[in-house]
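In full-length UniProt numbering, the protein residues as written are 1 to 362.
Heads up, the beta-carbon is just placed ideally off N, CA and C, and yes, glycines get one too.
Computed from a predicted model, the values in this text were never measured in an experiment.
So the structure is just underneath, and the comments pick up after that.
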């Protein structure tokens, strides 16, 4: 056993010295007040415990994890995705107000406060027929097949209708999908025939209608689509690909919103690296996010969107924990002091405003 005495100004100081030198296993043998002031503490410890304490003392202290500036990480992500400046500023404000070090959670909370998320039903409950609308090439036929497959997998009855009788191979493509699922495909050419198809499927759990691609800026195209939508009590769902120009996509969405569209389904997320247009569409057209397609394969289905799923798409795991440790100042210059919170927020907003797609939404 090893004995050692410690002199200090106070008992607290003496006990601290005991723990630092002999470790937490030390036993206090005696204490007394010194005539000249202060206290003396005698402590004892086993040799083995002392060796352990000394070994721990020699080990380097682990550096503290660098603090993550959540606002800056969110601003970087919004800048990368080309989110318009005015919209990015609102998201940064909402994200910075959340007390968390998780940037994806902060962005998810901001998205939740500004957007609506309403995934499409799978036929479990009675719903209106879903009519898939959108510009040419958006992927409506593939989405119809994916929605049908999802409902069939859950043992729901499904009716599939197509009005895409003009595009070469349009009917054949959907027919190939429905044959694999042992579903009948109804082909209609006008609103009256479509109303009859709805009547045939009035007891079906889920009715899906694939329409021909329409030019949102062509009055004749939109009038034809409006007539189809008036054939029954239906819900039109906008199908749009990711990666479009933010302002152009928002104009497209507004044209379809005039026909009663309230939900947007996003395709081609596997081929897009910039998602700013999606936020611009939903913000300007006041549309709800529903589902997303991240693969061209029918079997891989759809991903229901919610705020955290979208945030994870916009901020990769490595970026969420990015090291924001300040860089050392050049030799001869004083080290930079930590910026005030207000200044940091201003800087992150400025970064978002420098986005290539930073035009302010009307």
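Same chain only: Cβ atoms within 7 Å of residue i, ignoring 5 sequence neighbours per side
{"i": "residue 28", "result": "41 and 43"}
{"i": "residue 275", "result": "81, 242, 313 and 314"}
{"i": "residue 144", "result": "132, 160, 174, 208 and 210"}
{"i": "residue 8", "result": "14, 17, 38 and 39"}
{"i": "residue 113", "result": "94"}
Alpha-carbon to alpha-carbon, residue j and residue i
{"i": "residue 17", "j": "residue 31", "result": "14 Å"}
{"i": "residue 270", "j": "residue 189", "result": "33 Å"}
{"i": "residue 104", "j": "residue 200", "result": "46 Å"}
{"i": "residue 289", "j": "residue 158", "result": "23 Å"}
{"i": "residue 227", "j": "residue 221", "result": "10 Å"}
{"i": "residue 10", "j": "residue 37", "result": "9 Å"}
{"i": "residue 182", "j": "residue 98", "result": "50 Å"}
{"i": "residue 178", "j": "residue 184", "result": "7 Å"}
{"i": "residue 108", "j": "residue 191", "result": "41 Å"}
{"i": "residue 172", "j": "residue 77", "result": "41 Å"}
{"i": "residue 176", "j": "residue 106", "result": "44 Å"}
Exposed unless 16 or more other CB atoms sit within 10 angstroms - verdict on residue i
{"i": "residue 378", "result": "With the chain covering 1 to 362 only, the question about residue 378 has no answer from this structure."}
{"i": "residue 35", "result": "exposed"}
{"i": "residue 141", "result": "buried"}
{"i": "residue 5", "result": "exposed"}
{"i": "residue 293", "result": "buried"}
Residues that DSSP places opposite residue i in a beta bridge
{"i": "residue 5", "result": "42"}
Presumed contact (8 Å Cβ cut-off) between residue i and residue j, rounded CB distance
{"i": "residue 250", "j": "residue 281", "result": "5 Å"}
{"i": "residue 84", "j": "residue 246", "result": "6 Å"}
{"i": "residue 131", "j": "residue 240", "result": "The pair is not a contact, with the Cβ atoms about 15 Å apart (cut-off 8 Å)."}
{"i": "residue 268", "j": "residue 212", "result": "Not confirmed; about 19 Å, so no contact."}
{"i": "residue 206", "j": "residue 273", "result": "The Cβ separation is near 33 Å, so there is no contact."}
{"i": "residue 111", "j": "residue 307", "result": "4 Å"}
{"i": "residue 216", "j": "residue 135", "result": "6 Å"}
Same chain, Cβ closer than 6 Å to residue i, five either side skipped, listed in chain order
{"i": "residue 116", "result": "288"}
{"i": "residue 121", "result": "127"}
{"i": "residue 277", "result": "244, 246 and 249"}
{"i": "residue 33", "result": "39"}
{"i": "residue 170", "result": "164"}
Contact set for residue i: own chain, Cβ-Cβ below 8 Å, skip 5 residues either direction
{"i": "residue 263", "result": "118, 120, 235, 237, 238, 287, 288, 289 and 290"}
{"i": "residue 19", "result": "26"}
{"i": "residue 224", "result": "214"}
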